[in-house]
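Notes to accompany the following structure.
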Amino acid sequence: MMRRADYAIISISRIVPVRAPHLAMTKFVFVTGGVVSSLGKGIAAASLAAILESRGLKVTMLKLDPYINVDPGTMSPMQHGEVFVTDDGAETDLDLGHYERFISTRMRKVNNFTTGQIYESVIRKERRGEYLGKTVQVIPHITNEIQDYIRRGAEGYDVALCEIGGTVGDIESLPFLEAARQLSLRAGRKNAAFVHLTLVPYIASAGELKTKPTQHSVQKLREIGIFPNALLCRADRAIPEDERAKISLFSNIEERAVISVWDVDTIYKVPQMLNDQGLDAIICEALDIDPAPADLSMWANLIHTLEHPKQEVSIGMVGKYVELTESYKSLTEALRHAGIHTESRVNIEYIDSEEIEAKGTGDLAKYDAILVPGGFGKRGVEGKIKAAQYARENGIPYLGICLGMQVALIEYARHKAGLTNANSTEFEPQTDQPVVALIDEWQNQDGKVEKRDVNSDLGGTMRLGAQACAVKPGTLAHEIYGGVVTERHRHRYEANNHYLSRVEEAGLVVAARTPTEDLCEIMELPREGDNAHPWYMGVQYHPEFKSTPRDGHPLFKSFITAALEHKARGASAQQGEAA
79 MMRRADYAII SISRIVPVRA PHLAMTKFVF VTGGVVSSLG KGIAAASLAA ILESRGLKVT
139 MLKLDPYINV DPGTMSPMQH GEVFVTDDGA ETDLDLGHYE RFISTRMRKV NNFTTGQIYE
199 SVIRKERRGE YLGKTVQVIP HITNEIQDYI RRGAEGYDVA LCEIGGTVGD IESLPFLEAA
259 RQLSLRAGRK NAAFVHLTLV PYIASAGELK TKPTQHSVQK LREIGIFPNA LLCRADRAIP
319 EDERAKISLF SNIEERAVIS VWDVDTIYKV PQMLNDQGLD AIICEALDID PAPADLSMWA
379 NLIHTLEHPK QEVSIGMVGK YVELTESYKS LTEALRHAGI HTESRVNIEY IDSEEIEAKG
439 TGDLAKYDAI LVPGGFGKRG VEGKIKAAQY ARENGIPYLG ICLGMQVALI EYARHKAGLT
499 NANSTEFEPQ TDQPVVALID EWQNQDGKVE KRDVNSDLGG TMRLGAQACA VKPGTLAHEI
559 YGGVVTERHR HRYEANNHYL SRVEEAGLVV AARTPTEDLC EIMELPREGD NAHPWYMGVQ
619 YHPEFKSTPR DGHPLFKSFI TAALEHKARG ASAQQGEAA
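The numbering used here puts the first residue of the sequence shown at 79, with every later residue one more than the last.
Encoded structure:
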């Protein structure tokens, strides 16, 4: 039988670089993309940032998104992927999640802005008369505004890496590229550098890599006055020396700066890949800085642990956006981080909650733990409720995040607290037992009272950002977090206090509440007594946003440990039956 010591939580050794004295002014590195999207520009930029940080530089990152939306908060996860939330309540691009996973700097609202925000700001200035009657134009007013936003986000750092979304040649990204060109000119030759990520496709029928798309992409970039210092060439394999030489010749980039970036089995290998080919040295040379050598030993230790697990578990993730796993990017990574820190291989299987509605919960028996993530809307919610019920009744570790907590509350209210019509007003506006409902007033992180109703704008009207709450002693949550939990939120509906006491009387434990509104933050089942469960918890916030490969996250480490224990109990029971 496995013991807790067999899968103890480990610590990845961390080398904290000695900080070099701050540079006199911030240096800028602009990262652009060409040919197609989804090549991993954010991963490449974050990996370069990680190397520079390991060299003792104080690094931050910015994401410049060309779409007209003010932020991605109202965009479908199926179209845009996950919406990442910062401590100060910004709804941002999922690349900011990569930034926080790769470097120690915490992202803020200033680290991500869009065309919508830029135009909104310029129009407000025009209405206030700040342009003194001038004709407001893309150049210089829009490009100047973009530069102001970049400087604001970069202030106080040695190096700011600015990832420009979209693909070179797109109409919508042109103002951002022009702003980057202007800023590099104003900053001076040794204060800005450009890295261009492009595709080198392998044509199977011809049996060779083709460099022409990369040549054309660089040519398009040079047409607008940007000359890359380094070229990152994405392919499914390492690019041979002769192909790199060809790209160098036709792109007018020295051969050592043509970097091969091939597919890897984990994104955490990319920093070492780029460092081995000298990308950081090329950028430091372009910026005229000479920091300490890179120390990537932490990443090497992390990868070694990832590749040599001592056990494995299977997690069933019951969601509604399973066709596009990017919708759960931070959550997937948080589970993998927990696997690293428990020396476990975490196998994640995505289950469409609508299939559970149609076929039942029989397939859930094979999992060592069940996780129900956040989401919006009625579709598939009854399947999530059934998954929560199955986990509760069968002693399977359960973690409900945001909506996952709410469906667990609804399920418990229906089947244990006698509230047979329990529902959320999000799914059933006329329900006579709204155990989850829309609150119309709350206090944000700055202490400002916010109000909303069913007719409020969808964008920016949720409870967003980090909030600190006291944790009830003697609970599982207290074992995990200690006396205070501070996590990030992104939701509009809350557990209804009018019904919560009745559910508590039926055995559910509210382990944490918000200090001002007295709203439920954490609910769990006790581990002893009539309603005992080994590990059953729902949280209203999104803990995945604060997980990193360096440190993991205490909630996910506890969840994976519980899954390992559940698997061990099952194996022990089978051995007993066989005997």
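Just so it is clear, CB atoms sit at the ideal spot from N, CA and C, and this is done for glycine as well. Computed from a prediction, not measured in an experiment: that's the story for all the values here.
Short of 7 Å from the beta carbon of E223, and not among the five residues preceding or following it, lie these beta carbons of its own chain, in chain order: I196, S199 and V200. Under the DSSP assignment, S199 falls in the alpha helix (DSSP H) whose first and last residues are T193 to R206. By the Cβ test, the stretch 373-380 is not in contact with the stretch 355-362, since fewer than three Cβ pairs between them sit closer than 8 Å. Fewer than three pairs of CB atoms, one per stretch, sit closer than 8 Å, so the stretch 145-153 makes no contact with the stretch 309-316.
In the three-state reduction of the DSSP assignment, P349 falls in the helix class.
Restricted to the stretch 427-503, the alpha helix (DSSP H) segments that are unbroken, complete and at least 4 residues in length are 431-437, 459-471 and 481-493, listed in chain order. Under the three-pair Cβ rule at 8 Å, the stretch 165-177 does not count as touching the stretch 217-233.
Scanning T592, T104 and E471 for the CA closest to the CA of L365 turns up T104. In terms of CA proximity to I638, R423 leads the group M351, G461 and R423. Boundaries for W613: no beta strand (DSSP E) harbours it, and the DSSP string shows neither H nor E there. Secondary structure remark: continuous alpha helix (DSSP H) runs of at least 4 residues inside the stretch 359-414, in chain order: 375-385. Under DSSP, K105 shares a beta bridge with V237.
If you draw a 10 Å sphere on the C-beta of R133, you find 16 or more other C-beta atoms in it, and that means buried. Of the candidates T564, L497 and E606, the residue whose Cα lies closest to the Cα of H576 is L497. For I434, the CB contacts under 7 Å within the same chain, skipping 5 residues up- and downstream, are V396, G461, K464 and A465 in chain order. Ranked by Cα distance from K635, the first of A555, L239, K288 and Q293 is A555. In the three-state scheme derived from DSSP, where H, G and I count as helix and E and B as strand, V188 is classed as helix. When the alpha-carbon of I121 is set against those of Y559, W340, A544 and T164, the nearest one is in W340. Residue state for R312 is assigned as strand, using DSSP reduced to three classes.
By alpha-carbon distance to I429, the top candidate from G417, D166, L442 and E572 is L442. Burial state of D143 is buried, judged by a 10 Å Cβ sphere holding 16 or more other Cβ atoms. Our two residues, A265 and P279, have alpha carbons roughly 35 Å apart in a direct line. N190 sits close to K141, with the two beta carbons spaced by under 7 Å.
The alpha carbon of V336 has as its nearest neighbour, out of L380, I304, L252 and T289, the alpha carbon of T289. Taking every protein chain shown into account, the CB of P627 has 16 or more other CB atoms within 10 angstroms, so this residue is buried.
When C-beta atoms of the stretch 472-482 are compared with those of the stretch 446-454, three or more pairs fall below 8 Å, so the two segments count as touching.
Pairing P475 with A646 gives a Cβ-Cβ distance that is not under 7 Å. Contact between the stretch 107-116 and the stretch 291-305 is established, with three or more Cβ pairs separated by less than 8 Å. When DSSP reads this structure, K141 sits in a beta bridge with N190 and E241. Bounds of the beta strand (DSSP E) holding Y571 are Y571 to A573. A direct Cα-to-Cα measurement between D510 and N501 gives close to 8 Å. A direct Cα-Cα distance of roughly 51 Å separates I393 from R267. Note on S251: 16 or more other CB atoms within 10 angstroms of its CB, so buried under the neighbour-count rule. Residue L642 holds the alpha-carbon nearest to the alpha-carbon of A447 among L642, T592, S116 and A124. Within the model, the alpha-carbon separation for V113 versus T245 is close to 7 Å.
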